[in-house]
Amino acid sequence: MRKRWLQSLVALGVCAFVCGAFAEKPNIIFILTDDLGYGDLGVMGHPYVQSPNIDRLANEGIRLEQAYAAAAWCMPSRAAFMNGVYPAREFNKTRVLSADRLTLASMLKEAGYATAHFGKWHMGEGKGAPPPAEYGIDESFTKYSTGPGWTDKEMKEKHHREKTAARYVDLSIDFMMRKKDQPFFINLWVHNPHAVVNPTPEQLAVYKDLEVSIADFENPLQREFMEFVSKYGNVQKAMRAFCADVTAVDKEIGRLLDSLAELGLEENTIVVFSSDNGPAPLLKVGEWDQIVPRYKKDPNLMNSLGSAGPYRDRKIALHDGGIHVPFFIRWPAKIKPGIDRNTVFCGVDLVPTLAGLVGAVAPEGMDGEDLSTAWLGAPQAREKALLWSDTSAWLALRDRQWKAHLQGDTVRLYNLDEDLSESNDLVGAYPEIAAKYFKTLNQWEASIYPKRTSKSKVGGKKKKRND
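Throughout the sequence shown, residue numbering follows our numbering, covering 52 to 518 in sequence.
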């Protein structure tokens, strides 16, 4: 009884604290990078990357150390940030963000915000796909959408991709200047450092004297990738190019942050920074025969030398290297600087959490949870385990310290408190926990792929699929 009373008291205190901001709603800017790994920034321990502006953003706000994307690749991860729903439920089947659901932008628009999206879209761009305006976005300039964006001529220009961030930031600054007297929301979704990484000579000049040593990276999978590049390409050139690409977008983010301060908007603007998934996929040496034509055609593909930090695998994989992402929130008026090493946050939580912070009405039917208490400095436990599914038969969950995977007939179990690399399978040591998560993942699979037949036991044979 006493515990329940204390919890109620804390909840009332948090509500009063947050609601104090509602009289003057905060502006919101969501900066999303593309294939930036957990370990790809100076503040996250990269031995070479210079990212002073993003580092400053991280150090002036709260850093969520247990933050995840809702998917291991671009399109579904972005959809989850926008609607708070696991992409396996809908998006993975249609590849188009549903216009029937309220999105982050439409929710904020209903709450009185001016809304904009500048940068990559990639949530449906084919014939018949709704334009950004149908998702509650007032102004947009994008790539991979049916709305306003780059011309074919512009996209064919040399170093086009490397210059896009500057344009997106220019548009964001202009929008802020025009909307500074009302609350505004901006999605700033840059392309860096997604392949193909090919910086301009000016961007490369920052790293012209960089000397790369594979020994500077602790993760053996990162070293394996770098050894692959050393054997078939030029690891010095590749790393200089990758670092230059990250530093180039850092420079543009610095311009945005400086403009916020100059406009007097810094104090009451929530700036969220993250990535859509882990670094570009690891290509093993044994795959060289299959990929050599692609690399011969464009050697710059080898410049994608991003780092997953201490985690296993990269983009596409459901091990933490593919989904564990950097995540920072700065709001000087309400958030004290710090590091939260405990709260497990996911992309599906963004919509309900921002709703909780600004007093908006959150959409119904979301998988995400309101973790605004954690953003305000108090670690917060999730009510439910996190779930993932790719478009094949790989499923995963995160529940407190436990990470479980289901692939085919096999369930694997890891304790992330002790095993960041997910290399020590504990199914034999904790059979009851493994069986519990095996059941959960089977139920998850049945709910999203009803034609599939569930397995009957841990390690059991899987019946033939009907799809």
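Heads up, the beta-carbon is just placed ideally off N, CA and C, and yes, glycines get one too.
CB of residue i within 8 Å of CB of residue j, strictly
{"i": "Trp172", "j": "Thr145", "result": "no"}
{"i": "Val257", "j": "Leu108", "result": "no"}
{"i": "Ala216", "j": "Phe378", "result": "no"}
{"i": "Asp391", "j": "Arg152", "result": "no"}
{"i": "Pro181", "j": "His168", "result": "no"}
{"i": "Ile224", "j": "Leu307", "result": "yes"}
{"i": "Asp400", "j": "Asn243", "result": "no"}
{"i": "Ser264", "j": "Leu83", "result": "no"}
{"i": "Phe276", "j": "Thr166", "result": "no"}
{"i": "Glu176", "j": "Ser191", "result": "no"}
{"i": "Ile386", "j": "Leu427", "result": "yes"}
{"i": "Gly45", "j": "Trp240", "result": "Nothing about residue 45 can be read from this structure; the chain reaches only from 52 to 518."}
{"i": "Trp382", "j": "Gly112", "result": "yes"}
{"i": "Arg352", "j": "Val247", "result": "The residue asked about is misnamed: residue 352 is Leu in this sequence, not Arg. Yes. Within cutoff."}
{"i": "Pro103", "j": "Asp301", "result": "yes"}
{"i": "Ala130", "j": "Trp439", "result": "no"}
{"i": "Tyr424", "j": "Gln101", "result": "The residue asked about is misnamed: residue 424 is Thr in this sequence, not Tyr. No, Cβ-Cβ distance for Thr424 and Gln101 is not below 8 Å."}
{"i": "Thr394", "j": "Pro430", "result": "yes"}
{"i": "Asn143", "j": "Pro388", "result": "no"}
{"i": "Pro414", "j": "Met158", "result": "yes"}
Residue-chain proximity (residue i, chain B), Cβ-Cβ < 8 Å
{"i": "Tyr488", "result": "Among the protein chains of the structure shown there is no chain B, as only one such chain exists."}
CA nearest to the CA of residue i, picked from the options
{"i": "Asn238", "options": "Gly284, Ala436, Phe226 and Pro403", "result": "Phe226"}
{"i": "Leu492", "options": "Leu477, Pro103, Glu303 and Arg463", "result": "Arg463"}
{"i": "Ala292", "options": "Tyr99, Pro501, Met158 and Thr84", "result": "Tyr99"}
{"i": "Asn285", "options": "Asn354, Ala486 and Thr251", "result": "Asn354"}
{"i": "Met228", "options": "Trp240, Leu272, Asn78 and Ser196", "result": "Asn78"}
{"i": "Asn249", "options": "Arg218, Pro138, Ala289 and Leu261", "result": "Ala289"}
{"i": "His97", "options": "Gly428, Phe268 and Glu313", "result": "Phe268"}
{"i": "Asp221", "options": "Asp309, Val136 and Ala485", "result": "Asp309"}
{"i": "Ile188", "options": "Met133, Glu253, Arg218 and Gly90", "result": "Met133"}
{"i": "Val412", "options": "Gly163, Ile105, Glu141 and Gly90", "result": "Gly163"}
{"i": "Glu303", "options": "His245, Arg218, Leu155 and Ala384", "result": "Arg218"}
{"i": "Lys178", "options": "Val147, Glu205 and Ser157", "result": "Val147"}
{"i": "Leu87", "options": "His210, Asn319 and Pro332", "result": "Pro332"}
{"i": "Leu405", "options": "Asn110, Ala120, Leu155 and Tyr89", "result": "Leu155"}
{"i": "Glu198", "options": "Lys209, Met174 and His211", "result": "Checking the sequence, you will find Gly at residue 198 rather than Glu. Answer by Cα proximity: Met174."}
{"i": "Met90", "options": "Asp450, Asn475, Leu457 and Val376", "result": "Contrary to the premise, residue 90 reads as Gly rather than Met in this sequence. Of the candidates Asp450, Asn475, Leu457 and Val376, the one whose C-alpha sits nearest the C-alpha of Gly90 is Val376."}
{"i": "Asp450", "options": "Asp476, Ile484 and Pro127", "result": "Ile484"}
{"i": "Ala486", "options": "Tyr283, Leu457, Asp470 and Gly200", "result": "Leu457"}
{"i": "Asp260", "options": "Gln287, Arg274 and Pro271", "result": "Gln287"}
{"i": "Glu116", "options": "Phe396, Asn270 and Lys207", "result": "Phe396"}
{"i": "Asp476", "options": "Ile380, Lys214, His370 and Ala120", "result": "His370"}
{"i": "Lys160", "options": "Pro234, Met95, Asp203 and Asp106", "result": "Pro234"}
{"i": "Asp470", "options": "Arg274, Asn270, Ala432 and Leu446", "result": "Asn270"}
Cβ neighbours of residue i in the same chain (closer than 6 Å, five flanking residues each side left out)
{"i": "Val336", "result": "Reliability of the predicted coordinates at Val336 is poor, the pLDDT of 44 falling under 50, and no value is obtained from them."}
{"i": "Gly372", "result": "Gly329, Ala359, Tyr362, Arg363, Asp364 and Arg365"}
{"i": "Ala150", "result": "Pro181 and Glu185"}
{"i": "Phe81", "result": "Asn238 and Val323"}
{"i": "Ser505", "result": "Annotation note: pLDDT 48 at Ser505 (below 50); position unreliable, no value reported."}
{"i": "Ser472", "result": "Arg363"}
{"i": "His210", "result": "Thr251"}
{"i": "Tyr465", "result": "Lys454 and Glu473"}
{"i": "Leu311", "result": "Glu317 and Thr320"}
Per DSSP, the bridge partner or partners of residue i
{"i": "Leu29", "result": "Beyond the ends of the chain as shown, which are 52 and 518, falls residue 29; an answer cannot be given."}
{"i": "Trp240", "result": "Leu83 and Gly170"}
{"i": "Glu165", "result": "Checking the sequence shown, residue 165 turns out to be Ala, not Glu. Its beta-bridge partners are Phe235."}
{"i": "Ile380", "result": "Ile113 and Val323"}
{"i": "Val94", "result": "According to DSSP, which records beta bridges pairwise, Val94 is partnered with nothing at all."}
{"i": "Asn285", "result": "Its beta-bridge partners do not exist; DSSP assigns none."}
{"i": "Ala118", "result": "Phe396"}
{"i": "Arg463", "result": "His456"}
{"i": "Lys194", "result": "Lys171"}
{"i": "Asn78", "result": "Thr320"}
8 Å Cβ shell around residue i - same chain, five flanking residues per side excluded
{"i": "Phe73", "result": "Unreliable positioning characterises Phe73 in this predicted model, as indicated by a pLDDT of 43, which lies under 50. The coordinate reading is nonetheless provided below. So the qualifying residues of the chain are Val409 and Gly410."}
{"i": "Asp468", "result": "Gln452"}
{"i": "Met417", "result": "Asn134, Gly135, Val136, Val399, Val402 and Pro403"}
{"i": "Glu434", "result": "Glu420"}
{"i": "Leu448", "result": "Ala436, Leu437, Leu438, Trp439, Lys454, Ala455, Tyr488, Thr491, Leu492 and Trp495"}
Residues near residue i in its chain [Cβ-Cβ closer than 7 Å; skip 5 each side]
{"i": "Trp124", "result": "Asn328, Lys366 and Ile367"}
{"i": "Leu314", "result": "Met227, Met228 and Lys231"}
{"i": "Ala295", "result": "Pro250, Gln254, Leu255, Val257 and Tyr258"}
{"i": "Ile524", "result": "Because the chain is modelled from 52 through 518, residue 524 falls outside the range shown and cannot be assessed."}
{"i": "Asn319", "result": "Glu75, Pro77, Asn78 and Ala384"}
Exercise. Tell me the start and end of each unbroken alpha helix (DSSP H) in the segment 302-377 that is at least 4 residues and wholly inside, in chain order.
Key: 339-348 and 371-374
Self-check item: Start-end ranges of the beta strand (DSSP E) lying completely within the segment 387-433, minimum 3 residues
Solution: 389-397
Exercise. Would you mind listing the alpha helix (DSSP H) stretches within the segment 198-222 that are 4+ residues and don't spill past its ends, in chain order?
Key: 203-206
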